[in-house]
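Mapping of the sequence shown onto our numbering: position 90 corresponds to residue 215, and the numbering continues sequentially without gaps.
Glycine is no exception: its CB is placed at the ideal position from the N, C-alpha and C atoms.
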Amino acid sequence: TAGHTKYIISFDPKDAVENGLTMERAQALGLQFCKENFPGHPAIVCTHPDGHNSAGNIHVHIVIGSLRVRTVERQPFMDKPCDWEAGKKHRCTSAMLRHLRVAVMEMCEQADLNQINLLEAQGDHVSEREYWAQRRGQRRLDHANAKLAAEGQQPTQT
126 TAGHTKYIIS
136 FDPKDAVENG
146 LTMERAQALG
156 LQFCKENFPG
166 HPAIVCTHPD
176 GHNSAGNIHV
186 HIVIGSLRVR
196 TVERQPFMDK
206 PCDWEAGKKH
216 RCTSAMLRHL
226 RVAVMEMCEQ
236 ADLNQINLLE
246 AQGDHVSERE
256 YWAQRRGQRR
266 LDHANAKLAA
276 EGQQPTQT
């Protein structure tokens, strides 16, 4: 690995206007989230206002060093000693991801911010798995359309 792991907390674009979310408040939430969920790891927390795909929403990048620098108290989502012992690498297990999703939902609820259920798809929202499947499909389609355009043909799907 590259020696680090990245996570992103992306807030609803409406939170800035409806719920008073500022860059400073998002940074504070990100720092607290990092402290509570990645104990023992060196980390960088950086907040941006530009959102993914030009959505314009505030989001927080959390980058943690892969090695835990101190032993921490075992948490329910930690199933092997390497998950809490100093000098061991960070493991992003399915239990860890589920814990992080629940932690984000709880953080947003406590901060009176908009939040969707990150554990399953709802309404017009898609699950993470569906999102990445759509991205892969769009990438393939874009590649095929570029090939058609290079050959002077008109793409039939976009």
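- Within the model, the alpha-carbon separation for V194 versus M230 is close to 28 angstroms.
- Between the alpha carbons of P167 and P138 lies a distance of about 29 angstroms.
- Taking 8 angstroms as the upper bound for CB-CB distance, V188 and K131 are in contact here, some 5 angstroms apart.
- For the pair A228 and D204, the CB atoms are not nearer than the 8 angstroms cut-off.
- Inclusion of I134 and H215 in the CB contact set at 8 angstroms is not warranted, their separation being larger than that value.
- Exposure of G262 is indicated by the presence of fewer than 16 other C-beta atoms within 10 angstroms of its C-beta.
- Of all alpha-carbon atoms in R265, R150, V170, A151, the one lying nearest the alpha-carbon of C159 is that of V170.
- H129 sits in a strand when the DSSP states are folded into three classes.
- The beta carbon of G181 sits closer than 6 angstroms to the beta carbons of P138 from its chain, once the five residues preceding and following it are set aside; these are given in chain order.
- Judged by DSSP in its simplified three-state form, K213 adopts coil rather than helix or strand.
- A151 counts as buried, since at least 16 other C-beta atoms from the protein chains shown sit within 10 angstroms of its C-beta.
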